[in-house]
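Heads up: the protein sequence lines correspond to chains U and R, in order.
All the letters of the first sequence, read from the start, carry residue numbers 110 to 825 under my numbering.
All the letters of the second sequence, read from the start, carry residue numbers 16 to 539 under my numbering.
We put the beta carbon where it would ideally sit given N, CA and C, even for glycine.
Since the structure comes first, as structure tokens, the remarks are kept for the end.
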Amino acid sequence: MAERSFAREVQDLRLGEGDTFRGEGILAVTKALLQSGVSYVGGYQGSPISHLMDVLDDAKDVLDELGVHFESSASEAAAAAMLSASVLYPIRGAVTWKSTAGTNVASDALANLASGGVIGGAVIIIGEDYGEGSSIMQERTHAFAMKSQMWLLDPRPNLTSIVDTVESAFELSEASNTPVMLEMRVRTCHVHGQFIAKDNRKPTYTLREAVENPRRDLSRIVLPPSVYLHESEKLEQRWPAAIAYIRDRKLNEFFGPEQGDVGIILQGGLYNTVLRALQYLGLADIYGESRVPLYCLNVTYPLLDDEVAAFCIGKRAVLVVEEGQPEYIEQALNTILRRRDIATKIGGKGLLPMGGEYTAQVVTTGIEAFLEAHSPALLGNHLPVPTAAAVLAHPQVAALRDEVPQRPAGFCIGCPERPIFAAMKLVEQELGLHHISADIGCHLFSILPPFNIGATTMGYGLGPASASAFNVKADKRPISIMGDGGFWHNGLATSVGNAVFNKQDGVILVVDNFYSAATGGQDILSSRAWNMGRKTNNSIVNAVKGIGVNWVRQIDRTYDVGKMRDTLREALTTTDSGPKVIVASSECMLNKQRREKPLFAKAVKSGQRMVKQRFGVDEDICTGDHACIRLSGCPSLSLKQTSDPLKDDPVAAIDNNCVGCGNCGDVADAAVLCPSFYRADIIHNPSRWDLLLNRLRKSVIGYLQRRRDRRTLAFA
Amino acid sequence: MSVAIGDITASRRELSTDRPLSLAILAMGGQGGAVLADWIVALAEANGYFAQATSVPGVAQRTGATIYYVEMVPARDGVHPVLSLMPMPGDVDIVLAAEFMEAGRAILRGLVTPDRTTFIASTHRALAVVEKEKPGDGRANSGAVIDASDVSAKRIVAFDMEEIAQRCGTMISASMFGALAGADVLPFSQQAFEAVIGSGGRGAQQSLNAFRIALDTTRNDVATAVETTAAAPAILPANTGYPQLDSILQRLRDEFPEAAQAMLFAGSRRLLAYQDHRYVHDYLDRVGFFAAINRQRPGDTPELTIAAAKHIANAMAFDDVINVASLKTTSARFDRTRREQSVADDQLIYTTEFMHPRGEEMTGTLPRALGAVIERRPRLMQALDRLVNRGRRIQTGSITGFLLLYLLAGLRRFRRGTLRYARETAHLERWLAFARHCVAIDYAFAVEVLNCRRLVKGYSDTHARGQSKFDRVIAAAGLIVGRPGSVLWLQNLKTAALADEKGDALEGALRTLASAYDGVSGKR
């Protein structure tokens, strides 16, 4: 169950011929898959494609009607391997993941798939997590397309183009017996737009038919001598077939005048940005009219040599607008023109930056420089390009630069991972700094203030594996961290199994929050919720024991900072050999609140006695040293200026968003901080007994308070 | 003539000069920035516009800063305009910032420019971790955002939209939507805005309320100023009718410069609640020395007296078990917790205190000689620590819990005899003696010596760390008093000491200081 409901979006999947779909780019893709007669869909969640998975996970009815099989794959490798159903059967399948992180994991299966080829359309929806908002290494999926010879589509970022491209992708895959990758940038995945829907299509050949009528073809198996056959097929059959299909179906597009001194070759995904840049230079408008010839590569791999050459011939120069590095398209373009001895000059990297997201600003600057060099007359006179340079240079704005703080992502209010790292901090104070290998997931926020814990991150489920080299005699043990998501993705075998087999002596901390939380709270094997379509509730502890770990500790409430600290200390100091595994379990607070908040409100409304817990800080006891914040960083625990003139510094304060997780109190206790924190138990709909007891307590306490007030002098 | 998308055309129609209305939203994960963007898109689409919105939330959904971007143009049949997926600096019509430093970030990204941008910002602050983790005051200066928006925005709508949202029980997206409607920058009516919020859904009424309040606030231009300074101290009250209190007020008026009286009154009030009226007279005696110096410098602001009044009060009201127990049990505190937790009349509240006394707190509360005897015997001390050193959760609202703290608070009358009192007083006197010594050499330096007391705060380990920083700074002060530039150096040391917990910055500053003064004098 994801952290939000997709019930409304599921309805959009039922839209029929002529209906207008309004929504997010990635959901348009989801609908397009159903319109294309897809038989099976798999994938691994992650920004920016999580919503594709989430909506299908909620869409069981729609999928059942169409006979579409959907799986939440255990990893991108599992998803890619799933595409092998299209190797021998005329079945369309699609998988999705975040790239390049996911493509790295999937590479093994993809290379095998691409070698033997497919007969059913096999499409990989790639969420290209590059540029602003990215959470991974900055690389290009383009390299994977080239190395395994898969086609790479990069449609213009409007819903109609995207949806059309999904259908073309299946056809191209089938026409060329090659898996096809469809790349969607982050902003495109999240773009809100519209397209005219078509009816969904049931697959013509079903999975059931396939599994009941098995086929076998030795020549499709990746083993010599077939592998040599595959390579020549790739070069002699599949490549030409793809070129023919792309050319005949005009998958690449031309805009603007047919003739011109100069032209621009661009990736389809950058079309809107290039058009906006031209608009700023007085050479285009918002309805798509351009004064510069544009060659829009909706297919960025392979390039169509003839098309490229034809576009360049007769032009003094062309500019390649290609995001990311290395500049594969520009290099290929140079090769094409050089082989044909075409003298057209090529501008690209150099005029445009080598790396980084191609924003409107960057592209405008690049195109302007290109036109100034090669066609100044075309540039002519135009209104000044919008700029904030003058504002940014103003001293009053420049002064702001030192003032605005960084605000990276962090643990949410009440996050169960916060107390784990608070405990690690306390152990660090006792036993000194340790080498800590981090992993992928929300827990990686530990590397940021206030915790500043974690030295490296090597991949999903690879935290403990990345501490392997430190398996030597030493006075300190390495610590490695891995989430439950990473554990099931890859970590059980690659990290824990590896540690057992190699008799590693380190400490492995598995952060178990019941979901793949960072990607949107999807269920995984060890999720505690009952899930109709999946088997959940598989214990991490049992898995770890089963693989051969002897020293295992389960912590059922991570908020118990003292216990967390003691367990960590024990793991670091015990004389037992072999990996020490601590499984720290508490539910992701975002998901827990989503589940419990409405229930609580409903119970209160119906008159039930309910107790809500929250935390607070006594402002006259807090001295403003902020030690508690250095062990928390909770968004709800902040500062406020008191009216007390004796206090120079702001005191800690807890706002109304507190969910009463208990971390503040436990940390104050375990770290022996201060007595400022209090927990408030607020009783809604108190019972008669509550009220009676309260009256009694109040009368005694009130008497004592009045007695003291009488005996002491005070300024009113 | 229109050209449909995908049409391969060589026609040379005139370029249209239409430009989309552009709008950027800067928010933090969890604030409902996506909801606001969705509302704006729905509003545009329902009123004859073609709208496109996009964002790059990613992991920023987990409390990080993120940005949403919307463009809209009047819809034309059969034509899909080509809209941008990201804001262009210098080309944004409306910027909405859901927090004041995010407003600052919008300016720094070049999204706010004087020729076009209506800048709608909530003035409330959600502090970033780097701001709140500093032992001192690490908060960014909201004034800098005001200064910058004054020169960057075409028009500013700034008030606390978070407060309105909270008051109405909804998210800030609702009040920001109201501010957007009130600013009259979108070509849609108030009814059109309200229709988007709807009426039937869960929380719709609350959202509508917040929307309307924010709209009125914007229309009537009653935007509130940002508070950047602390509230001024209370003015001296008239006589109270209690002779002991009046004698204190009398002394304040007679013996101290008027500009320092408010601070002295705050100190007196604190110490009266902390101990008794005799303790207040001790306090006034201590501050009196510094007030006398100020009397010799008429015309000056009595900085020395004010610093002494503030920091001697803080030093004398050191945080011991008795004080904590007393503060936890006052009726004012019971009222405050009720207010802070917004407890309704038909609800009950009980508080649980998180206490963790150590052996030191016990011996500190014992009579001086007895406490010292125990502390001199490590084995006995260890045994005591083992006995008491653990977390204790005390229910102040229950009779037994309250009684325990009440009795502890009652130990106040023995405080002057405790070990902790003796220690704190000795420490205080050493510091004051040094400050008096400094006054004779360098007045401004003496003020800073008094202000160094700000370093001592917190409880247990934190307190020990603070005190050790304080002691190191004061020791360094002893070496540089009277030298050129010493005031600035002492201020630097204090700032460094408040910059981090462990004192790394202070250590560095002390090293720099040593080399600087070696360079000047050749020896120390």
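Could you check whether the Cβ of residue i sits closer than 8 Å to any Cβ belonging to chain U?
i        : result
R/Arg284 : yes
R/Gly406 : yes
R/Lys509 : no
R/Arg435 : no
R/Gly47  : no
R/Glu148 : yes
R/Ile250 : no
R/Ser167 : yes
R/Val94  : yes
What separation, rounded to the nearest whole angstrom, lies between the Cα atoms of residue i and residue j?
i        : j        : result
U/Asp128 : U/His299 : 21 Å
R/Leu434 : R/Met377 : 10 Å
U/Ala252 : U/Ala418 : 23 Å
U/Arg317 : U/Arg704 : 37 Å
U/Glu118 : U/Leu136 : 8 Å
R/Phe304 : R/Arg293 : 18 Å
R/Tyr289 : R/Ala424 : 10 Å
R/Val388 : R/Arg401 : 18 Å
R/Pro317 : R/Met278 : 11 Å
R/Gln206 : U/Ala627 : 39 Å
R/Phe349 : R/Val339 : 14 Å
U/Ser328 : U/Tyr198 : 14 Å
R/Arg351 : U/Cys767 : 17 Å
U/Asp370 : U/Pro411 : 26 Å
R/Leu98  : U/Gly302 : 10 Å
R/Phe485 : R/Gly500 : 20 Å
Does the beta carbon of residue i come closer than 8 Å to any beta carbon on chain R?
i        : result
U/Gly595 : no
U/Ala736 : yes
U/Leu748 : yes
U/His299 : yes
U/Ser156 : yes
U/Asn513 : Position check: residue 513 of chain U holds Val in this sequence, whereas Asn was assumed. Interface residue, yes.
U/Pro528 : no
U/Gly302 : yes
I want to verify the contact list: residues of chain U whose CB lies under 7 Å from the CB of residue i, in sequence order.
i        : result
R/His292 : Leu822
R/Lys517 : Within 7 Å Cβ-Cβ: nothing; R/Lys517 doesn't reach chain U, min ~10 Å.
R/Gly44  : Ala518
R/Gln259 : Leu822
Looking only at its chain, what residues have a beta carbon closer than 6 Å to the beta carbon of residue i, apart from the 5 residues adjacent to it on each side?
i        : result
R/Gly537 : Low local confidence applies: a pLDDT of 33 at R/Gly537 is under 50, so the model's placement there is unreliable, with the coordinate-based value given in what follows. None.
R/Gly406 : His371
U/Ala141 : Val272, Val275
R/Asp335 : Arg435
CB of residue i to nearest heavy atom of the ligand PLP: below 7 Å?
i        : result
R/Gly432 : The model on display carries no ligand, and the ligand PLP is accordingly not part of it.
Please list the partners that residue i has in chain R, where partner means a Cβ-to-Cβ separation under 8 Å.
i        : result
U/Asn765 : Gln181, Ser357
U/Pro784 : Val339, Lys343, Glu368, Phe369, Met370, His371, Tyr474
Can you check DSSP and say which residues form a bridge with residue i?
i        : result
U/Gln631 : U/Ser625
U/Arg294 : U/Glu237
R/Ser327 : Before going on, a small fix: residue 327 of chain R reads as Ile here, not Ser. Note: R/Ile327 sits in no beta bridge, so no partner.
R/Glu368 : U/Tyr787, R/Ile409
R/Tyr64  : R/Pro89
U/Lys458 : U/Leu461
Cutting at 7 Å between CB atoms, please list the residues of its own chain near residue i, excluding the five before and the five after it.
i        : result
R/Ala57  : Val211
R/Ile187 : Gln46, Gly47, Ala113, Ser137, Met176, Glu177, Ala180
Between which residues of its own chain and residue i is the CB-CB distance below 8 Å, once the five residues before and five after are set aside?
i        : result
R/Asp519 : none
Just the chain R side, please: which residues come within less than 9 Å of residue i by C-beta, in chain order?
i        : result
U/Tyr787 : Lys343, Thr352, Thr366, Thr367, Glu368, Phe369, Thr411
What residues of chain R sit near residue i, judged by a beta carbon separation below 7 Å?
i        : result
U/Thr496 : Pro104, Gly105
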